[in-house]
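J.:
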Amino acid sequence: MYALILPGLLYFVVFRYVPLLGNIAAFQQYSPYLGFGGSPWSGLSNFTAMLHDPEVLTATRNTVVISFLQIAFAFPAPVALALLLNSVMSGRVKRFVQSVVYLPHFISWVIVVAVWQQVLGGDGLLSHVIGDPGFNLMGDPSWFKALITLQVIWKDTGWNTIIFLAVITRIDASLYESAAMDGAGPWRRTWHVTLPAMRGIFVLLLILRLGSVLTVGFEQILLQQNAVGSDTAEVLDTFTYFRGVVAGDWGIATAAGLIKGVIGTLLVVGANKLSKRMGSEGAF
1 MYALILPGLL YFVVFRYVPL LGNIAAFQQY SPYLGFGGSP WSGLSNFTAM
51 LHDPEVLTAT RNTVVISFLQ IAFAFPAPVA LALLLNSVMS GRVKRFVQSV
101 VYLPHFISWV IVVAVWQQVL GGDGLLSHVI GDPGFNLMGD PSWFKALITL
151 QVIWKDTGWN TIIFLAVITR IDASLYESAA MDGAGPWRRT WHVTLPAMRG
201 IFVLLLILRL GSVLTVGFEQ ILLQQNAVGS DTAEVLDTFT YFRGVVAGDW
251 GIATAAGLIK GVIGTLLVVG ANKLSKRMGS EGAF
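If you count by the UniProt record's numbering, then the sequence shown holds residues 1 to 284, one letter each, in order.
1) Below 8 Å on the Cβ atoms is my guess for LEU120 versus LEU137; work out the distance and round it to an integer in Å.
2) Would DSSP call GLN224 helix, strand or coil?
3) When DSSP builds the beta bridges, which residues end up paired with GLN28?
4) Do the stretch 153-166 and the stretch 227-236 touch if we need at least three Cβ pairs shorter than 8 Å?
5) Find out if the Cβ-Cβ distance for the pair residue 287, SER280 is shorter than 8 Å.
6) Let me see if you follow: with CB-CB separation under 8 Å, is ASP237 close to chain D or not?
7) Which word fits THR48, buried or exposed, when buried means at least 16 other C-beta atoms lie within 10 angstroms of its C-beta?
8) So, with DSSP's three-state summary, where would you put THR215?
9) Might you give, ordered along the chain, the residues of its own chain that have their beta carbon closer than 8 Å to the beta carbon of GLY139, omitting 5 neighbours on each side?
10) Please check the pair VAL239 and ALA255, which I expect to be a contact at CB under 8 Å, by giving their CB distance rounded to whole angstroms.
11) Please state if the CB of ASN272 and the CB of GLY282 are separated by a distance shorter than 8 Å.
12) Helix, strand or coil for LEU147, going by three-state DSSP, please let me know.
13) What do you get for PRO32, buried or exposed, if any count of 16 or more other CB atoms within 10 angstroms of its CB means buried?
14) What residue does the alpha helix (DSSP H) around ASN136 start on, and which one ends it?
15) For the alpha helix (DSSP H) holding TRP250, just list the boundary residues, first then last.
16) From MET50 to ILE71, what does the alpha carbon distance come to, in whole angstroms?
17) Whole angstroms is fine: what's the gap from ASP172's alpha carbon to ARG61's?
18) Which of the three DSSP states, helix, strand or coil, is assigned to PRO76?
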């Protein structure tokens, strides 16, 4: 069993834990040519400069808004889809629908954005349907955050239903039979039997989701940022990329990433304690 978990353990050690040592650049005037040992120390100056940088404030605001929309709408979507699939009586129809809704998860964001551009972008399908060649929903800043959320729902909702469907299949059928004998209809059985059985895994996934609340999809947003501008589409992930990798200001970029990780950790620990106080098992 230890041999079976070794590849996964190595993945997290190499790509998650070892890179944490690079956070030392947040306290240096880091230069790749000098390395960590030769770069001069700068104390907390990178954090001070980051807090006074208007781009950081813009990126933080956009990140929080997009993350809130995804938690409010994209996160519960798999639960609703799992309940709908569970209500389908025909096994063949259920398997067909599952296959269709799982498929977008395996499509890269490059293809997803290209498809949406062909439908909702300038000179796209929708512009021809409404007879307005200048219509470009993908380039409208006021629609950007909503479209980002809809894209996440379309791409990942089907895949995320796997866990909730697995929970539903483990519910004792006698509970539904008892509820039906007591006069409970389909909605009552869902409310009093199905949803309580799903509460534990829902809370667990929500706690884990809060850990990445400031991570909203680097590739997805980077591909669409030029169409709406940085004021609308700049998030913390794209900020660290452009400021650090492109501009070479590694200290501020690392400081922003470190703050993001600390906030995510605090949210996970706080949400876990709160869930335990409310009677849930929590994540740990």
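Backbone N, C-alpha and C define an ideal beta-carbon position, used for all residues, glycine too.
T.: Inspection of the coordinates gives the following:
1) To locate residue 120, count along the sequence shown from 1; it is residue 120. To locate residue 137, count along the sequence shown from 1; it is residue 137. The Cβ separation is near 4 Å, so the contact holds.
2) Walking along the sequence shown from the start, residue 224 turns up at place 224. GLN224: coil per DSSP, three-state reduction.
3) Counting from 1 along the sequence shown, the entry for residue 28 is found at position 28. According to DSSP, which records beta bridges pairwise, GLN28 is partnered with TRP41.
4) Segments in contact, no.
5) Residue coverage of the chain in this structure runs from 1 to 284, which leaves residue 287 outside it and unanswerable.
6) You won't find chain D in this structure, because it holds only one protein chain.
7) By 1-based counting over the sequence shown, the position of residue 48 is 48. Result: exposed.
8) Translated into positions along the sequence shown, residue 215 becomes position 215. It is coil, neither helix nor strand.
9) Here residue 139 is taken as the residue at index 139 of the sequence shown, counted from 1. Within the same chain, Cβ atoms closer than 8 Å to the Cβ of GLY139 are found at GLY121, GLY122, ALA227 and VAL228, the five residues on either side in sequence being excluded.
10) As a first step, residue 239 is located in the sequence shown; it is residue number 239 there, counting from the start. As a first step, residue 255 is located in the sequence shown; it is residue number 255 there, counting from the start. The sequence given here has Phe at residue 239, not Val. Contact between PHE239 and ALA255 does not hold, since the beta-carbon distance rounds to 11 Å and is not under 8 Å.
11) Working through the sequence shown from its first residue, we reach residue 282 at position 282. Working through the sequence shown from its first residue, we reach residue 272 at position 272. Yes; because the gap between Cβ atoms is below 8 Å, this pair is in contact.
12) Within the sequence shown, numbered from 1, the residue matching residue 147 stands at position 147. Look at LEU147 here: in three-state DSSP terms it is helix.
13) In the sequence shown, the residue the question calls residue 32 occupies position 32. It counts as exposed.
14) Indexing the sequence shown from 1 puts residue 136 at position 136. No alpha helix (DSSP H) contains ASN136, which DSSP labels as neither H nor E.
15) The count along the sequence shown starts at 1 and reaches residue 250 at position 250. Per DSSP, TRP250 belongs to the alpha helix (DSSP H) from 250-277.
16) Along the sequence shown, one-based indexing puts residue 50 at 50. Along the sequence shown, one-based indexing puts residue 71 at 71. In this structure, the alpha-carbon of MET50 lies about 27 Å from that of ILE71.
17) Taking the first residue of the sequence shown as position 1, residue 172 is located at position 172. Taking the first residue of the sequence shown as position 1, residue 61 is located at position 61. ASP172 and ARG61: Cα-Cα distance of roughly 45 Å.
18) Counted from its first residue, the sequence shown places residue 76 at position 76. PRO76 falls in the coil class under three-state DSSP.
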